[in-house]
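If you read the sequences in order, they're chains L and A.
By our numbering, the letter at position 226 of the first sequence is numbered 226, and the numbering carries on one by one without gaps.
Offset between the second sequence (1-based) and our numbering: plus 1000.
For every residue, glycine included, the Cβ atom is placed at its ideal position computed from N, Cα and C.
Reading through the C-alpha cells given below for one structure.
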Amino acid sequence: MSAALDIKPYVDVRDRGGSAQPMLIVRDLKRHFRVKGAGKGAVVRAVDGISFTLFKGETLGVVGESGCGKSTLARVLLHLVEPDSGELVFDGDAVAAPDGISVAELRRQVQMVFQDSYSSLNPRMPVQDSVAFGPMVNGRSKSESRRLAQEILIKVGLRPDLFGPRYPHELSGGQKQRVNIARALAMNPRMVILDEAVSALDKSVEAQVLNLLRELKRTLNLTYLFISHDLNVVRYISDRVLVMYLGQVVELGPASLVFSEARHPYTQALLGSRLSMDARQRVDAPPLVGDPPSPINPPSGCRFRTRCPNAEGVCEAKMPELGAWDGRDSHVAACHMQDPASGHSKAGLH
Amino acid sequence: MSDQAILSAPGAAAEYDSAPATKVRGYWQSVAYRLSHDWITLIFGAVVLVIILIAVFAPLLAPFDPYAQSIVGRLKPMGWRGHPLGTDELGRDMLSRLIYGGRISLIMGLAPVAIAVMIGGTLGVIGGFAGKVANTAIMRTMDVFYAFPSILLAVAISGAMGGGIFNGIISLSLVFIPAMCRVAETATSQVKNLDYIEAARASGAGTFAIIRHHVLGNVLGPVFIYASSLVSVSILLASGLSFLGLGVQPPEPDWGLMLSTLRQSIYVDPLGCAMPGIAIFITSICFNLVSDGVRAAMDVRI
Ligand SMILES: Nc1ncnc2c1ncn2[C@@H]1O[C@H](COP(=O)(O)OP(=O)(O)O)[C@@H](O)[C@H]1O
Ligand SMILES: [Mg+2]
C-alpha cells in the first residue's frame, strides 16, 4: 500500500440513493442499426431488449462472442449511441428524463475505458494532456487540470515526470492502458465501463492491469461494468456475470455460480470451449460449434437454438424469458429447460 | 534509474524495467529532425527562400524601372547597354521585369492556396464532423466543381469575372477549395470515429473543444501537405491565365504574361522569349520538391 493512495471513507456526496439503491438499472434497452444492402428495412439487432441491475460497489462482468453487442451496450449506456427504447436509471434518477439526470451529468459520473488500440489515445497529444483534457473541458483551469493529471498518473503507477510528456507511441501497451484508466479516473467517476480493457495485452501485463483495476476499485469506491470476451479474465475480476448472445441476456448470476453451475447451454458451451490449464475448471459440455447466426435475421424463438444440442420444437416457437431476479444472489437463465411449464422435455432437470 | 520509474502503486511491476527515460521527441520535432537530414529538400528550400527574398527586395535589386520603355532598345541581347539580360519587345529591362514578376508569381502561388486552406479546410472539417445531411450538402456541392478539369474551371471563372490579379486569385481559390475541402473532410472523418474522440465525448467535451484539441492536429498535417503541393500548381495555372490574357493585365511584369507577349518574337529573340518560362519552371519545381520533402518528413507512422 502506498502513501500516494489514500483510502476514502465510504461517503460520497453524490450518492443519493444509499448503498441499497442500485448504481444502474437497465430495463428493456434496445438499439438496432439500419444496414444497407440487406433488403429494405433490414436492421442489426445489436442490443435487443437487455435488462439488468448493477449494484453499488460490485463488478459485473459481461461476456459473449465478438459481435454480440457488448460494445454497443456500453455506448448506449453512456448515450454515446442513442438507444431506440428502454430505460436507464442511474442511482435512482432516470437518465435523460425531464425530472431525472442529464446525459452530461451522467457522463461526469460514469466513464469508459476502451481497448488499447492505436486509436484509444490521441497520437498527437502528450499523454498528460490526454488525461487533463476531461477536467479541463469541465471547467478546471489548465494548471489545475495538469496537476490533477499528474496525481492520477501516480495512482495508476506511472511516474508523471517520466511518462506524462510522452506521446502514445512511446509507451508500451500496458502503459497506454494505464493512461486510458487514468483518463477515465481524472473525471472522478463513480462507475467505470471497461470495454475489452485488457484484451489487447500480453498475459503478464494483463494480470498487472487487472490487479491495478481491483486496487483502484477498492480505494476509490468504484463500480465496474467489465466487458470482455475472455471468460478467464471475467471470472477473475467479476462479482457477478452477465452472458450475452445476439443482443440479449441469456444468463445472469453470481460469478461463482455461473462458472460452476452454468444453466444456459450457451454458457455451458462457452465454458466448454475455453482453454483451461486447470482440469477441475473444465466443463463437460460440447464446445461451441460454428459461427453465431447473423444478427440481421436472428432465428425465431430462442436465438441459440441453431447451435444448441437440446433444441426442440418449443425453442423454435417461443422466445424464452430470462425470468425474475431480485438481488445479488439471483441466478437466472433464458432457457426453456429452466422453466418446468415450458413443455421442453428436459425442463426442470437442472 | 528504471526502478525510479516504478511507483509503489498497485500493479506496477516488472513492466517498467523496459521503460528507460528516453529523450522525448514530439511529432513536429521529429519532422524537423528528418527535414534537417534531407539535403535535397534543404537545397531546394534554400532556392525557394532566395526567390522569396528576391521578390521581397525587388525594388532594391532591380537595376532598371520594369515599366520604362524604349523604342530604340527593343529586343536587345544580353549585356546591351547595361541590361544584363537584354530588353523585351517594348525595350523594358528583362532582368528587372523578371525580378518584379517573381512578386506576382509568388502572390498568385500562395494567396489562392491560403484562401482555399481557410475556406475549403473549414468546410471540410465541418462536413467531416457534422451529420449526414450537412456532409452530403457540402460534399455534393464540392463535387460539382470537382467534375471540371482545374485549368478549364480557372479559365471559365476568370473569363466570367474578367482579368486582373484580384479576380485571378479569386478564380484560382475557387478551383482549389473543393479539393482542399475533400482532403480535410477525409482526414476529419477518419479521426471522427476513433476511440479517443469517443472518450472525449464521454468526458463531456463539446463539439468545438473536440475539434480544436483532437481533430485539428490530425487534419492540419494532410491539409498542409496537400496545400504545399498546390503552390506550384497555382503558379502554373496563374501563368496560364495570364498567357491567355485572363489573369494579370499589361503592363504588369508577370511571367505568364511576358511569355505571351514575347511569343511573337520567338524567331527574333528565342533566348529572351524563353526566360520567363525558365523562371516559372525553376520556381514551380523548387516548390514542388520542397513539398515532396515536407510530405516525406511528415509521413511518420506514430
Ligand atoms: N454504428 C454501427 N452501425 C451499424 N452496425 C453496427 C454499428 N455498431 C455496431 N454494429 C453492429 O452491431 C453488432 C454488435 O457489435 P458490437 O457491439 O461492436 O459487438 P461486440 O462489442 O460484442 O463485439 C455487430 O453486428 C456490428 O456489426
Ligand atoms: Mg466490442
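{"Query": "Close Cβ partners of T1022 of chain A (< 8 Å) along its chain, the five nearest in sequence each way excluded", "Result": "Confidence is the limiting factor: at T1022 of chain A the pLDDT is only 49, short of 50, which leaves the residue's position unreliable and the question unanswerable from this model."}
{"Query": "Under 8 Å from the C-beta of G49 of chain L: neighbouring residues of chain A", "Result": "Neighbours of G49 of chain L on chain A: none; closest Cβ ~24 Å, over 8 Å."}
{"Query": "Per-residue burial, P340 of chain L [other beta carbons within 10 Å of its own, 16 or more giving buried]", "Result": "exposed"}
{"Query": "Per-residue burial, P1178 of chain A [other beta carbons within 10 Å of its own, 16 or more giving buried]", "Result": "buried"}
{"Query": "DSSP state of F1224 of chain A mapped onto helix, strand, coil", "Result": "helix"}
{"Query": "Proximal residues, the segment 115-133 of chain L versus chain A, C-beta separation under 9 Å", "Result": "Q115, S117, Y118, S119, S120, L121, N122, P123, R124, M125, P126, D129, S130 and F133"}
{"Query": "Inter-residue CB distance, R14 of chain L and R190 of chain L (contact presumed, cutoff 8 Å)", "Result": "6 Å"}
{"Query": "Beta bridge counterpart(s) of P254 of chain L as assigned by DSSP", "Result": "L:R240"}
{"Query": "Distance between P299 of chain L and P293 of chain L (C-alpha atoms, nearest Å)", "Result": "8 Å"}
{"Query": "Contact set between R45 of chain L and chain A, taken where Cβ atoms lie within less than 7 Å", "Result": "Those within 7 Å of R45 of chain L in chain A number zero; the least Cβ separation is about 21 Å."}
{"Query": "Interface partners of L24 of chain L on chain A, CB under 8 Å", "Result": "The contacting residues do not exist; L24 of chain L stays about 15 Å from chain A at best."}
{"Query": "Contact set between the segment 1207-1238 of chain A and chain L, restricted to residues whose Cβ is under 7 Å from the partner", "Result": "A1209, H1213, H1214, G1217 and N1218"}
{"Query": "Any C-beta of chain A under 8 Å from that of V137 of chain L", "Result": "yes"}
{"Query": "Close-in-space but distant-in-sequence residues of the same chain around S1284 of chain A (CB under 6 Å, 5 per side omitted)", "Result": "S1232, I1235 and L1236"}
{"Query": "Closest by C-alpha distance to T1188 of chain A, when choosing among A:I1138, A:G1124, A:S1173 and A:T1136", "Result": "A:G1124"}
{"Query": "Chain L contact for A1046 of chain A (CB, 8 Å cutoff)", "Result": "no"}
{"Query": "Cβ-based burial, K155 of chain L [other Cβ within 10 Å; buried from 16]", "Result": "buried"}
{"Query": "Cutoff 8 Å; reference A1062 of chain A; Cβ partners in own chain excluding five residues on either side", "Result": "D1093, L1095, S1096, I1099 and Y1100"}
{"Query": "Listed by chain order, chain A residues near Q111 of chain L by CB distance under 8 Å", "Result": "A1202 and S1203"}
{"Query": "Best match in A:D1299, A:I1282 and A:S1173 for proximity to V1050 of chain A [C-alpha to C-alpha]", "Result": "A:I1282"}
{"Query": "Under the three-state DSSP convention, the category Q115 of chain L falls into", "Result": "coil"}
{"Query": "Residue of A:D1269, A:L1174 and A:T1186 minimising C-alpha distance to P1112 of chain A", "Result": "A:L1174"}
{"Query": "Chain A residues whose Cβ lies nearer than 9 Å to that of R107 of chain L", "Result": "R1201, A1202, S1203 and G1204"}
{"Query": "Residues sharing a beta bridge with G61 of chain L, DSSP", "Result": "L:F226 and L:V241"}
{"Query": "Supposed contact pair H336 of chain L and P254 of chain L - C-beta distance, whole angstroms, cut 8 Å", "Result": "With 8 Å as the limit, P254 of chain L and H336 of chain L do not qualify as a contact, their Cβ atoms being about 23 Å apart."}
{"Query": "Sequence ranges, beta strand (DSSP E) only - wholly within the segment 182-224 of chain L, length at least 3", "Result": "191-195"}
{"Query": "Three-pair Cβ contact test at 8 Å for the segment 1245-1255 of chain A versus the segment 1114-1134 of chain A", "Result": "no"}
{"Query": "Beta-carbon proximity check, R31 of chain L vs T72 of chain L, cutoff 8 Å", "Result": "yes"}
{"Query": "K1132 of chain A burial status per 10 Å Cβ neighbour count (16 or more: buried)", "Result": "exposed"}
{"Query": "Exposed unless 16 or more other CB atoms sit within 10 angstroms - verdict on Y1226 of chain A", "Result": "buried"}
{"Query": "Separation of I1210 of chain A from G173 of chain L, as counted between CA atoms", "Result": "24 Å"}
{"Query": "Test item: CB-CB of V179 of chain L and V127 of chain L under 8 Å", "Result": "yes"}
{"Query": "Complete runs of the beta strand (DSSP E) confined to the segment 72-143 of chain L [at least 3 residues]", "Result": "85-90 and 110-113"}
{"Query": "When L:R303, L:D329, L:A324 and L:P309 are compared against A317 of chain L, the one with the closest alpha-carbon", "Result": "L:R303"}
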